[in-house]
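Enquirer: Provided herewith is a single structure, encoded as structure tokens, for subsequent inquiry.
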Amino acid sequence: MRQQRRTKKIQKRTLKAEGRSRKKVNREIVLVTYVFVGLFLIMIGYLGYFTYKESDTYRNNPYNSKRQQLFSDRYIRGSIVSSDGKTLAETKVDEDGKETRSYPYGSVFAHVVGYSTKGNTGIESIASSYLLNTHINPALQILYELKEQKTMGDTVKTTLNVKLQKAAYEALGDKKGAVVVLNPKTGAILAMVSKPDYNPNEINEIWDELVSEENKNSNLVNRATQGLYPPGSTFKILTLLEYIQENPGNYEDFSFDCDSVYEVGDYSIKCSKLVSHGEEDLITAFAKSCNGAFASIGQTLNFSSMYKLCEKFGFNEKLPTDLLSNASSFVLKDSISVWDVLQTSIGQGKTTITPLHNAMIAAAVANNGVMMKPYVLDTVESESGTVIKSFSPENYRTVMSKDEAAILQKYMRAVVTDGTGSKAEGDGYQVAGKTGSAEFATGKETHAWFVGYADVEDPEIVVSVLVEEGGSGGSAAAPIARAVFDAYYGEE
Ligand SMILES: [Zn+2]
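Using the numbering used here, the letters of the sequence shown map in sequence onto residues 14 to 505.
Below, the structure written as structure tokens:
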């Protein structure tokens, strides 16, 4: 009996002990579960935070190429698309996981879109941090990471327009030069062509040839942003503005009698093709691009004031763009020679400018005196199309008053209606602009320029054209601008 009771007690104790230990185990499981869930949440939170916030800061550092390399091990480089949604660059992955960067338009967008092997250039460079980033659902991203699968990078939508780019590319033909198309109100770059070009799909194969010393074409140089050329008569826009600013009450009293050669001491300034322009007022001299008249205007100008005006317009400084660019140069300040004054007033001499900068000057006239920052990235979107980041137009600076811009608008309109720029205009829109035929070496054809905008009543598009050794701006550059205006205003 006693024995039995003892046995029962022992059994009870054992049961209690078993229950206690079972409860303990349960508690441990719950605890471990909580810890894991907690850690998991922290991890997701961190990854999410990293993906959405921190990483952008890290990646946008251009010196972070090592980190970018690391990201390219995790992400497939995203696509670059035009403003109308056409693919300009994409990465294709074959069955073995081999990635190939493909450029569906070949050489048409070569310089502005750039390439991403052999270093990065163009948009491939300035948007690299966005292309090698992802904003897909963080949970999905973790899943991909666990499967050791690469994630598709974000898509960068640009301001570039395929129709305008193609029109500019075809119109420039096999000439060397550049075409830049801007929206004057926003600074959005709608097209940017540079020739000679290259096919970015073949960049690895043609690299050695492109960089070899025998190749004198500088195919890799983006002439639109890096090419420095004498502005020729397009610079008369600034000579004219300085003259108006120095003679606000009586600039319209100006008159000049052109007999094709303007002589000052031993120096002579010739008008294009030795044409005698005869009796001219200021607007006629500008419309006909009379070199004698503008050289004589230059002699009356205060050049330290002219220097300030040029700096205000962006000479001697890096242009506000992330694209590789060279600074335009205006060097004359004071105690300058008569020859330098005569030459500089008509856009010859030591002054140099890039086609992009010349487009910005014409855009400032069209935009009533406000110069906008040129920009080419519009939005960054996740693979599913959610907009992650938007780039907005930014004022660069006000370079002249609205009244002064209105005068230049009227004078630039006269260039097209009564002067050298008539070939820039087609049907259905009205253009204002300025031609230039810039001498750069004795015995060679001049570089041909045209800068201008349409429509004069409500400017939406600015075109800057430079044709190396193209001859006269009116016959070589203006028709290329017209092809772009036609594409913009035409039915197709
Ligand atoms: Zn003349």
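Even for Gly, the Cβ is constructed at its ideal location relative to N, Cα and C.
For the putative contact between residue 484 and residue 448, defined by C-beta atoms under 8 Å, what is the C-beta separation to the nearest angstrom?
Expert: With a Cβ gap of about 11 Å, residue 484 and residue 448 do not count as contacting.
Enquirer: Along the chain, where does the beta strand (DSSP E) containing residue 410 start, and where does it finish?
Expert: Per DSSP, residue 410 belongs to the beta strand (DSSP E) from 408-411.
Enquirer: If residue 437 sits next to residue 491, beta carbons under 8 Å apart, how far is it from one beta carbon to the other, in whole angstroms?
Expert: Confirmed, about 4 Å.
Enquirer: Do the CB positions of residue 301 and residue 293 come within less than 8 Å of each other?
Expert: Going by C-beta atoms, residue 301 is nearer than 8 Å to residue 293.
Enquirer: Hey, would you say the C-beta of residue 290 is under 7 Å away from at least one heavy atom of ligand 1?
Expert: Yes.
Enquirer: Which residue spans inside the region 383-471 form an unbroken alpha helix (DSSP H) run of at least 4?
Expert: Runs of the alpha helix (DSSP H) inside the region 383-471: 415-431.
Enquirer: Could you tell me whether the region 404-418 touches the region 243-251, using the rule of 3 or more Cβ pairs below 8 Å?
Expert: As far as the Cβ criterion goes, the region 404-418 does not touch the region 243-251, which means the pair count is below three.
Enquirer: Does the Cβ of residue 323 lie closer than 7 Å to at least one heavy atom of ligand 1?
Expert: Incorrect: residue 323 has no Cβ contact closer than 7 Å to ligand 1.
Enquirer: Does ligand 1 have even one heavy atom less than 7 Å from the beta-carbon of residue 432?
Expert: Not under cutoff, so the answer is no.
Enquirer: Taking C-beta to C-beta, are residue 451 and residue 186 nearer than 8 Å?
Expert: Taking 8 Å as the Cβ cut-off, residue 451 and residue 186 do not qualify as a contacting pair.
Enquirer: Give me the Cβ distance between residue 307 and residue 359, rounded to the nearest whole Å; I'm assuming they're in contact under 8 Å.
Expert: The Cβ separation is near 5 Å, so the contact holds.
Enquirer: Which runs of the beta strand (DSSP E), 3 residues or longer, sit entirely within the region 158-187?
Expert: Taking only runs of at least 3 residues, the beta strand (DSSP E) segments lying wholly in the region 158-187 are 168-171.
Enquirer: Tell me the rounded alpha-carbon separation between residue 209 and residue 268.
Expert: So the two alpha carbons sit approximately 43 Å from each other.
Enquirer: With respect to the beta strand (DSSP E) encompassing residue 366, which residues constitute its N-terminal and C-terminal limits?
Expert: Premise fails: residue 366 is in no beta strand (DSSP E) and is neither H nor E.
Enquirer: For the pair the region 109-118 and the region 362-381, tell me if three or more CB-CB distances fall below 8 Å.
Expert: In short, these stretches do not touch, since the Cβ pair count stays below three.
Enquirer: To the nearest angstrom, how far is it from the Cα of residue 328 to the Cα of residue 106?
Expert: Cα-Cα distance, rounded: 45 Å.
Enquirer: Just to confirm my understanding: we take residue 191, look at its own chain, exclude 5 residues before and 5 after, and list those with CB closer than 7 Å. What are they?
Expert: Within the same chain, residue 191 has close Cβ partners 206, 207, 236, 237, 240, 368 and 479.
Enquirer: Evaluate contact between the region 468-479 and the region 374-392, counting only Cβ atoms and requiring at least three cross-stretch pairs below 8 Å.
Expert: Short answer: they touch.
Enquirer: Please name the residue or residues paired with residue 202 in a DSSP beta bridge.
Expert: Its beta-bridge partners are 195.
Enquirer: Is residue 360 near ligand 1, with its Cβ less than 7 Å from a heavy atom?
Expert: The answer is no for residue 360.
Enquirer: What number of angstroms, rounded off, separates the C-alpha of residue 123 from the C-alpha of residue 181?
Expert: For residue 123 and residue 181, the distance between alpha carbons rounds to 13 Å.
Enquirer: For residue 11, which beta-bridge partners are listed by DSSP?
Expert: For the chain, the structure presents residues 14 to 505; residue 11 sits outside this window and is missing.
Enquirer: Let's test the definition: count the other Cβ atoms within 10 Å of the Cβ of residue 158 and tell me whether it reaches 16, buried, or not, exposed.
Expert: With fewer than 16 other Cβ atoms within 10 Å, it is exposed.
Enquirer: Is it the case that the Cβ atoms of residue 99 and residue 391 are separated by a distance below 8 Å?
Expert: No, Cβ-Cβ distance for residue 99 and residue 391 is not below 8 Å.
Enquirer: Quick check: what's the CA-CA separation for residue 432 versus residue 85?
Expert: For residue 432 and residue 85, the distance between alpha carbons rounds to 55 Å.
Enquirer: May I ask whether a heavy atom of ligand 1 can be found less than 7 Å away from the beta carbon of residue 268?
Expert: Outside the cutoff, so no.
Enquirer: State the Cα-Cα distance for the pair residue 407 and residue 321, rounded to the nearest angstrom.
Expert: Looking at the two C-alpha atoms, the distance is approximately 23 Å.
Enquirer: Hey, residue 121 and residue 179 are a contact pair by Cβ (cut 8 Å); roughly how many whole angstroms apart?
Expert: That belief holds up - the Cβ atoms of residue 121 and residue 179 are roughly 6 Å apart, short of 8 Å.
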